[in-house]
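Undergrad: Under the numbering used here, the first residue of the sequence shown is numbered 5, with each subsequent residue one higher. Note that the Cβ used here is the ideal one computed from N, Cα and C, for glycine as well.
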Amino acid sequence: MTTQLSFFLDRSAIDVIQSIAQKASSQDKSIWATIIGVALALFGASGVFGQLQDALNTSGV
């Protein structure tokens, strides 16, 4: 997976993602952490798609 991420992210970002994944798998999970994580992921994804839509509208594609 890190090989695939290296096409889009630099090494320091990949290290952070790996660290987060390792810590998340070793700790107890709570329903609130899951809800907050999903909400933040959706919020971030909506921002990315909004920017992509604006860029495509601006370029005339």
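In angstroms, rounded to a whole number, what distance separates the CA positions of I21 and D14?
TA: Computed Cα separation, rounded: 11 angstroms.
Undergrad: Secondary structure at T19, three-state DSSP: helix, strand or coil?
TA: At residue 19 the sequence reads Asp, which differs from the Thr that was named. Three-state DSSP puts D19 in a helix.
Undergrad: Kindly indicate which three-state DSSP category D58 falls into: helix, strand or coil?
TA: If DSSP states are grouped into helix, strand and coil, D58 belongs with the helices.
Undergrad: What's the gap between the Cα of Q8 and the Cα of I18?
TA: One C-alpha to the other measures close to 10 angstroms.
Undergrad: Please report the straight-line C-alpha distance between L44 and S63, rounded to a whole angstrom.
TA: About 29 angstroms.
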